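In my numbering, the protein residues as written are 3 to 103.
We put the CB at the ideal spot given by N, CA and C, even for glycine.
Here the structure is a predicted model, which is why all the values come from computation and not from measurement.
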């Protein structure tokens, strides 16, 4: 199996935490990007039957994410308050995303 996360987080969860048991978990994936490359939860969903939510504020990545994943997807910024959040994507500072959900 080819693990996909950047620092072996998927390998750690699969081998050490849940020891490969399928259908046993729920994930929350922040900054999911396009949902496959360098992703911590792709294998959990696709190979182990986990359910979860992928959250990605970048609209370009989010469009790809919705095509690549079957889990719940949310195009939002995660913050501890309702103030506008300036976030960086595509290696440039961009618009303010005001998420009032």
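Measure the Cβ-Cβ separation of residue 54 and residue 28 and say whether it is below 9 Å.
As a position in the chain shown, residue 54 is number 52, starting the count at 1. As a position in the chain shown, residue 28 is number 26, starting the count at 1. In this structure, residue 28 lies closer than 9 Å to residue 54 by Cβ.
For residue 75, the first and last residue of its enclosing beta strand (DSSP E):
Along the chain shown, read from residue 1 onward, the residue named residue 75 stands at position 73. Element bounds for residue 75: 74-76.
Can you tell me which of 78, 82 and 41 puts its alpha carbon nearest to the alpha carbon of residue 13?
Numbered from its first residue, the chain shown carries residue 13 at position 11. Checking every option, the nearest Cα to that of residue 13 belongs to 41.
Return the CA-CA distance between residue 86 and residue 59, expressed in angstroms with no decimal places.
In the chain shown, the residue the question calls residue 86 occupies position 84. In the chain shown, the residue the question calls residue 59 occupies position 57. Approximately 13 Å between the Cα atoms of the pair.
What is the C-beta distance between residue 47 and residue 73, in whole angstroms, given that I count them as a contact (C-beta under 8 Å)?
Stepping through the chain shown from its first residue, residue 47 is reached at position 45. Stepping through the chain shown from its first residue, residue 73 is reached at position 71. The Cβ separation is near 6 Å, so the contact holds.
Would the beta-carbon of residue 82 be found less than 8 Å away from any heavy atom of the ligand COA?
Looking for the ligand COA in the displayed structure turns up nothing, as the structure carries no ligands at all.
CB of residue 70 within 9 Å of CB of residue 44, strictly
Position 68 of the chain shown, counting from 1, holds the residue named residue 70. Position 42 of the chain shown, counting from 1, holds the residue named residue 44. Yes. Within cutoff.
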